[in-house]
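Under this note's numbering, the letters of the sequence shown match residues 324 to 630, in that order. Here a beta-carbon is modelled for each residue, glycine too, at the ideal position from N, C-alpha and C. Since the model is a prediction, treat every value here as computed from it, not as a measurement. To start, the structure under review is shown below, and the notes come after it.
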Amino acid sequence: MVYSPKIIVVGGVNVDTTFEVRVLPAEGQSVSATGSYTSIGGKGLNQALAARRAGVPVAIIGATGDDDGGQMIRNFLAAEDINTEFLLQIDGASTGRAFIVLDQNARNLIVGQSGARILPEAPLIQDITNAWEGWRGVDFVAANGETTSSFVREIFDTARNKEILTAWNPSPMPTDPAPLLRRTDILVLNQTEASELLGVDRSPETLASELRAISPREVVLTLGEEGCMLVNDEIVHVPARAVQARDPTAAGDTFLGYFLSSRSRGCTFREAAEIASTAASLCVQEKGAAATIPRRESVLETLTAPL
């Protein structure tokens, strides 16, 4: 679908293979899977899908290989009405893969194989910059760690030159995050990623305030079943709904997509976080990745239900 987006997402698109186990393996330990399944995912795809299912026009910038996995992803995104004008097909490359180990307590380990990637070639950057009437009407550009940092820097520079807000989810964490932090307006990450970024393991309140001090105007620190911490001029804790989690794979991506979509619709920082947290709570109750991301109607219905 070709249209002008409100949110642009830069990131990976994958075919995910999930192995279900009773307990996660320790270092050097072998465990047997009790089941397995294949699904569509990738942080870029999940984040774009969440924002689109939240009701906002979305474009994705990424790449697939010229294989069956890539075609499956393209068909899926077309059915979801996501702009794929710059979802490139790299000839001779394989579409990205993710291998997920999920235990019976909804804890997981994820290993990604990048596969097809886009690189910061000048003609491509120029084509993207000129697209969508020069990005007229775009509110946010979001990216994560699945795409080369140099490419994300170019896209973020373009966004900021056009006075468009940038949102970054540093997962996986790049070797040198500082250049991207300097270009980030909204930092969204979980407690493990925050500890890795800062090189310390401290309380959520301390992590959030230290993150705010190193650049972004807003920080969202997601805490799983504990909700999230919001940091701008003050620190606010938003609790999560109590649910029985089955698979957290796409929860963080669901949160980010719904958060940005809600902000694009005019919600306050806290209102957007409450909506995003509710969406994530619905996501974790199902198994899989993209398919578990809820639609706006379900989120709104849950928001009106008692806690």
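Backbone CA spacing between residue i and residue j [nearest angstrom]
i	j	result
Leu-553	Ile-451	32 Å
Ile-478	Asp-499	17 Å
Glu-337	Val-344	The sequence given here places Asn at residue 337; Glu does not occur at that position. So the alpha carbons of these two residues sit roughly 22 Å apart.
Arg-618	Glu-594	18 Å
Cys-590	Arg-440	34 Å
Glu-473	Ile-598	Looking at the sequence shown, residue 473 is not Glu but Ser. Between Ser-473 and Ile-598, the C-alpha separation is close to 32 Å.
Leu-503	Gly-358	39 Å
Val-523	Asp-391	42 Å
Ala-613	Trp-491	20 Å
Val-559	Pro-446	43 Å
Gly-393	Gln-412	8 Å
Trp-458	Leu-347	44 Å
Ile-396	Ala-416	15 Å
Gly-334	Gln-608	25 Å
Glu-486	Glu-620	31 Å
Ile-384	Thr-407	7 Å
Asn-398	Asn-431	28 Å
Ala-382	Leu-544	25 Å
Leu-510	Asn-467	10 Å
Ile-448	Ala-386	14 Å
Ser-437	Gly-460	31 Å
Leu-583	Leu-512	14 Å
Asp-389	Ile-363	16 Å
Of the residues the options, the one placed nearest residue i, counting alpha carbons only
i	options	result
Gly-365	Lys-485, Val-332, Leu-544 and Pro-497	Val-332
Glu-516	Thr-407, Arg-618, Arg-376 and Val-542	Val-542
Ile-433	Val-381, Ser-494 and Glu-477	Ser-494
Leu-623	Thr-470, Ser-362 and Gly-378	Gly-378
Thr-625	Gly-435, Pro-539 and Thr-601	Thr-601
Gly-547	Pro-527, Asn-555, Leu-521 and Lys-485	Pro-527
Thr-341	Ser-355, Arg-525, Ile-616 and Gly-611	Gly-611
Leu-488	Leu-512, Phe-463, Val-511 and Arg-476	Phe-463
Asn-555	Arg-564, Gly-580, Asp-576 and Ala-596	Ala-596
Asp-426	Glu-557, Ser-355 and Ser-587	Ser-355
Gln-514	Thr-481, Ala-501, Glu-549 and Asp-480	Glu-549
Ser-604	Ala-568, Glu-533, Glu-519 and Asp-339	Ala-568
Met-496	Phe-578, Thr-481, Leu-521 and Phe-409	Leu-521
Ile-616	Trp-455, Thr-481 and Gly-580	Gly-580
Val-578	Ala-465, Glu-444, Asp-414 and Ala-454	A small fix is needed here, since residue 578 is Phe in this sequence, not Val. Comparing Cα-Cα distances from Phe-578 to each of Ala-465, Glu-444, Asp-414 and Ala-454, the minimum goes to Ala-465.
For residue i, the first and last residue of its enclosing beta strand (DSSP E)
i	result
Asp-551	Position check: residue 551 holds Cys in this sequence, whereas Asp was assumed. Looking at the DSSP string, the run of the beta strand (DSSP E) that includes Cys-551 is 551–554.
Asp-390	First-last for Asp-390: undefined, no H or E at that position.
Ser-473	From DSSP, Ser-473 is part of no beta strand (DSSP E) but of the alpha helix (DSSP H) over 472–484.
Gln-449	First-last for Gln-449: 445–458, but that is the alpha helix (DSSP H), not the beta strand (DSSP E).
Ile-631	Nothing can be reported for residue 631: it is not among the residues displayed for the chain, which extend from 324 to 630.
Arg-505	Element bounds for Arg-505: n/a, residue is neither H nor E.
Leu-372	Note, Leu-372: premise wrong, no beta strand (DSSP E); alpha helix (DSSP H) at 366–376.
Arg-586	Counting along the chain, Arg-586 falls outside any beta strand (DSSP E), though it belongs to the alpha helix (DSSP H) covering 574–587.
Exposed unless 16 or more other CB atoms sit within 10 angstroms - verdict on residue i
i	result
Ser-585	buried
Asn-428	exposed
Lys-329	buried
Pro-380	buried
Pro-562	exposed
Glu-469	buried
Arg-505	exposed
Ala-628	exposed
Asp-576	buried
Segment limits, alpha helix (DSSP H) that includes residue i
i	result
Ala-517	514–521
Val-622	619–626
Glu-533	527–536
Leu-605	592–606
Cβ-heavy atom distance, residue i to the ligand MN, below 7 Å
i	result
Ile-405	The ligand MN is not part of the structure shown, which contains no ligands of any sort.
The region 339–354 / the region 393–413 touching (three or more Cβ pairs under 8 Å): They do not touch, by the three-pair rule.
Given 8 Å, three or more beta-carbon pairs between the region 368–377 and the region 413–424: They do not touch, by the three-pair rule.
Cβ contact (3+ pairs, closer than 8 Å) linking the region 533–540 and the region 567–578: These segments do not touch.
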